[in-house]
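Per the numbering used here, the first sequence starts with residue 42, numbered consecutively.
A quick write-up on the structure given underneath.
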Amino acid sequence: MERRVKALNGRPVKEQADYVLYWAQMNRRADSNHALAYAIQLANERRLPVLVYEGLTCTYPYANDRMHSFVLEGVPEMRRRLQARGIGYHFHLRRTRHDPDDRLYKLAARAAAIVTDDYPTFIARRHNGSVPTKVDIPYFAVDSSCIVPMGQMEKREYAAYTIRPKIHRLLPHFLTPVEKTAVRRPFQLTLDEEPTAVTDVAASVAACEIDHSVKPSLSYEGGRLAAERTLNEFIANRLRRYAREKNEPSAHATSDLSPYLHFGQISSLEVALAAMVAADEHKLIAGEFLEELIVRRELAFNFAAFSADVESFDNIPDWARKTMAAHDGDRRDFVYSREQFEHAQTHDPLWNAAQKEMLLRGKIHGYYRMYWGKKIIEWSATHQDALRTMIYLHDRYALDGRDPATYTNILWCFGMHDRPWQERAVFGMLRYMSYDGMKRKTNVEAYLKEIEFLERTGKDPFRPKQV
DNA sequence: ATCGGCTCGCGCAA
DNA sequence: TGCGCGAAGCCGAT
């Protein structure tokens with residue numbers, strides 16, 4: 042457990058305290074959560090109860106109905122599962138920027154220690170830099186996102202092939218379920234602060250001062266139950282096709298778990314274990330799926346953990362920066378504005394369909410997303426413009442945005458974790474992808490039809506919401 | 001349909 | 001120091 046846990050301030054545990062506080066910033070789940078397990082351990086050692094705090098504010102960049110409803114849909118089941126284990130749960134929705142932003146500190150005033158998630162991007166990264174100095178109790182950040190903890194890697198890895206053997210060497214040790222330790226003291230305290238009840242998600246979202254123009258995903262409902270259903274359906278119906286059809290978007294052979302992984306409503310550890318059990322029982326091949334779920338996902342966390350700024354070209358290798366500099370002034374055949382990209386108004390029907398999938402579903406199939414990114418490079422005035430556009434569109438519309446995997450996928454388009462290829466205009470030696478290649482290798486027509494149906498009917502036959 | 005060249009640099013073997 | 005090979009390819013030759 043040691044390498045998972047970082048003590049971020051050297052404060053001593055407070056002796057006179059009412060509970061140990063787990064602040065669920067990124068791993069919004071009661072199950073398979075190393076950080077919660079650590080909070081329980083600390084509490085049990087001191088015969089204290091555990092209180093889980095989960096917050097949602099309206100002030101993070103591009104806060105909108107899509108992100109908010111996905112998080113809020115998880116709240117009732119989170120409460121149910123924690124209460125069933127005798128763990129306190131306090132959810133707080135900060136509706137407007139005029140509401141006080143001090144709930145964590147209020148709850149921390151009665152806590153012996155704070156445990157939270159070690160997470161290398163977005164708000165959690167900033168919080169874990171600033172909050173530890175503002176509290177007078179210990180502040181522990183626990184890596185419950187990765188199977189092999191980020192702290193096990195001593196440096197930034199160059200590519201998948203350099204981290205793969207290291208991960209595989211450590212997997213036997215880390216690929217084990219999180220122990221579900223019972224709490225010794227059930228949480229029975231009354232708090233002065235009022236938690237936010239979530240009974241009607243749409244009403245709660247409507248009451249927030251956020252961007253209401255980005256509607257909830259047509260396809261992905263948030264929450265633990267939806268996450269478990271998605272995992273079970275993947276294992277029952279799609280895992281057997283994954284290796285062969287993962288790059289055929291119209292075949293729907295991928296897991297669709299990235300939104301749930303990003304918001305921590307399910308852990309990659311329990312997904313990996315479930316895939317391995319299924320592979321064992323039904324003689325399925327899980328290797329290719331586990332490669333993506335573990336090696337490539339954790340390469341992304343390794344990159345983010347060692348990067349000063351995950352949104353910068355500073356991260357890409359020298360050859361890529363040099364070749365871009367040499368080609369930044371090349372003439373572009375098409376140049377689109379951010380708004381034209383955003384509203385899917387290019388000349389390319391496949392690109393537009395991928396962007397519409399982003400607008401409607403809230404994520405793009407992994408294979409077409411590479412094409413989507415490469416074309417933004419091809420049709421932007423500068424490489425820097427292309428990078429900004431990709432980050433903006435993910436931040437605003439993608440349920441799997443703001444994640445280490447997001448930035449890695451984007452920077453991969455600019456050569457990170459990749460190698461040079463034959464030089465050509467605009468791209469230089471960055472890998473190029475073409476419409477003809479997509480046409481040759483995938484069923485573009487079926488995908489266009491699928492997205493057209495989504496757009497016309499507002500319904501996703503491949504992922505009916507269970508409302 | 002299949003194949004080699006394109007091009008850089010990491011990490012390991014020697 | 002040499003060598004193999006890499007996160008999703010393209011293109012032209014055969």
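The beta carbon of each residue, even a glycine, is placed where N, CA and C say it ideally should be.
Keep in mind it's a predicted model, so treat the numbers as computed, not measured.
Give the straight-line distance between the Cα atoms of residue i and residue j, rounded to the nearest whole angstrom.
i, j, result
"ALA149", "LEU62", "7 Å"
"ARG362", "TYR60", "50 Å"
"ARG122", "VAL156", "19 Å"
"SER73", "ASP477", "43 Å"
"GLU383", "ARG472", "24 Å"
"PRO53", "ALA345", "30 Å"
"ALA78", "LYS47", "14 Å"
"GLY342", "ALA446", "One detail in the question is off: residue 342 reads as Phe in this sequence, not Gly. Cα to Cα, PHE342 sits roughly 7 Å from ALA446."
"LEU230", "GLU195", "42 Å"
"TRP166", "TYR160", "Position check: residue 166 holds Arg in this sequence, whereas Trp was assumed. Roughly 6 Å between the two C-alpha positions."
"ILE208", "GLU234", "44 Å"
"GLN57", "ARG88", "12 Å"
"LYS500", "ALA223", "42 Å"
"TYR101", "VAL246", "15 Å"
"LYS324", "GLU332", "18 Å"
"ALA153", "GLN66", "19 Å"
"LYS415", "GLY456", "11 Å"
"HIS168", "LYS482", "44 Å"
"GLN381", "TYR433", "13 Å"
Please work out which residues of its chain come closer than 7 Å, Cβ to Cβ, to residue i, disregarding the five sequence neighbours upstream and downstream, and give them in chain order.
i, result
"THR485", "Per the sequence presented here, residue 485 reads as Val, with Thr not at that position. Only LEU391 and MET479 meet the Cβ criterion."
"PHE228", "TYR60, PRO90, VAL91, LEU92, GLY127, ILE128 and GLY129"
"GLU198", "ILE204, LEU340 and ASN343"
"GLY81", "First, the residue type needs correcting, since residue 81 is Ile and not Gly in the sequence shown. Once the five neighbours on either side are set aside, the close Cβ partners of ILE81 are VAL91, THR222 and VAL224."
"ARG282", "ALA292 and ALA294"
"PRO257", "ASP106, ARG107 and SER110"
Considering Cα atoms alone, identify which of the options is closest to residue i.
i, options, result
"THR498", "HIS133, LEU401 and ARG210", "LEU401"
"TYR301", "PHE111, GLU195 and ASP426", "PHE111"
"TYR377", "HIS424, GLU339 and ARG337", "HIS424"
"ARG70", "PRO141, GLN57, LEU113 and ALA104", "LEU113"
"TYR408", "ALA395, MET108 and GLU419", "ALA395"
"MET108", "HIS209, VAL176, LYS196 and VAL255", "VAL255"
"LYS55", "MET67, LEU83, ARG45 and CYS249", "LEU83"
"LYS33", "PHE163, GLU118, TRP64 and THR295", "With the chain running from 42 to 508 in the structure shown, residue 33 is simply not present."
"TYR103", "LYS500, GLU250 and THR449", "GLU250"
"SER421", "GLN463, GLY370 and ASP459", "GLY370"
"LYS175", "THR162, ARG481, LYS221 and LEU145", "LEU145"
"ALA277", "PRO257, ASP252, GLN306 and MET317", "MET317"
"LEU280", "ALA268, MET474 and ASP297", "ASP297"
"GLU464", "PRO358, THR364, ARG226 and ASN356", "THR364"
"ARG337", "PHE354, ILE307, THR271 and HIS458", "HIS458"
"ILE451", "ARG226, SER353 and ILE492", "SER353"
"ASP355", "GLU398, TRP453 and ASP389", "TRP453"
"GLU491", "ARG151, GLU398, MET474 and SER475", "GLU398"
Apart from the five residues on each side of it in sequence, which residues of its chain come closer than 6 Å, Cβ to Cβ, to residue i?
i, result
"ARG120", "TYR130"
"TRP360", "PRO461"
"ARG504", "SER260"
"ASN50", "PRO173 and TYR180"
"HIS75", "ARG45, VAL183, SER185 and VAL219"
"HIS303", "ASP441 and ASP444"
"ILE417", "ALA427, THR430 and MET431"
"PHE132", "GLU95, VAL116, PRO236 and THR237"
Apart from the five residues just before and just after residue i, which ones in its own chain have a Cβ nearer than 8 Å to its Cβ?
i, result
"PRO218", "SER73, LEU310, GLU311 and LEU314"
"MET42", "With a pLDDT of 47 at MET42, under the threshold of 50, the modelled position of this residue cannot be trusted; read the value that follows with caution. The answer, listed in chain order, is HIS75 and TYR79."
"GLN124", "TYR130"
"ARG373", "GLU419, TRP420, SER421, ALA422 and VAL467"
"SER299", "LYS404, LEU440, ASP441, ASP444 and ALA446"
"GLU274", "none"
Can you tell me which residues form a DSSP beta bridge with residue i?
i, result
"ASP252", "ASN105"
"PHE181", "ALA48 and VAL156"
"PHE215", "None; PHE215 has no bridge partner."
"PHE132", "GLU95"
"TRP413", "For TRP413, which the question treats as bridged, DSSP gives no partner whatsoever."
"VAL318", "None, per the DSSP bridge assignment."
"TYR63", "VAL93 and VAL156"
"GLY469", "ARG465"
Are three or more beta carbon pairs between the stretch 192 to 206 and the stretch 96 to 104 nearer than 8 Å?
no
Report yes or no: do three or more beta-carbon pairs, one from the stretch 129 to 139 and one from the stretch 284 to 304, lie closer than 8 Å?
no
Can you find at least 3 beta carbon pairs, one from the stretch 190 to 200 and one from the stretch 306 to 324, that sit closer than 8 Å?
The stretch 190 to 200 is not in contact with the stretch 306 to 324.
Using 8 Å as the threshold, is the stretch 238 to 248 in touch with the stretch 322 to 332, meaning 3 or more CB pairs across them?
no
Please confirm if the stretch 254 to 268 is in contact with the stretch 430 to 443, defined as three or more CB-CB distances below 8 Å between the two stretches.
yes
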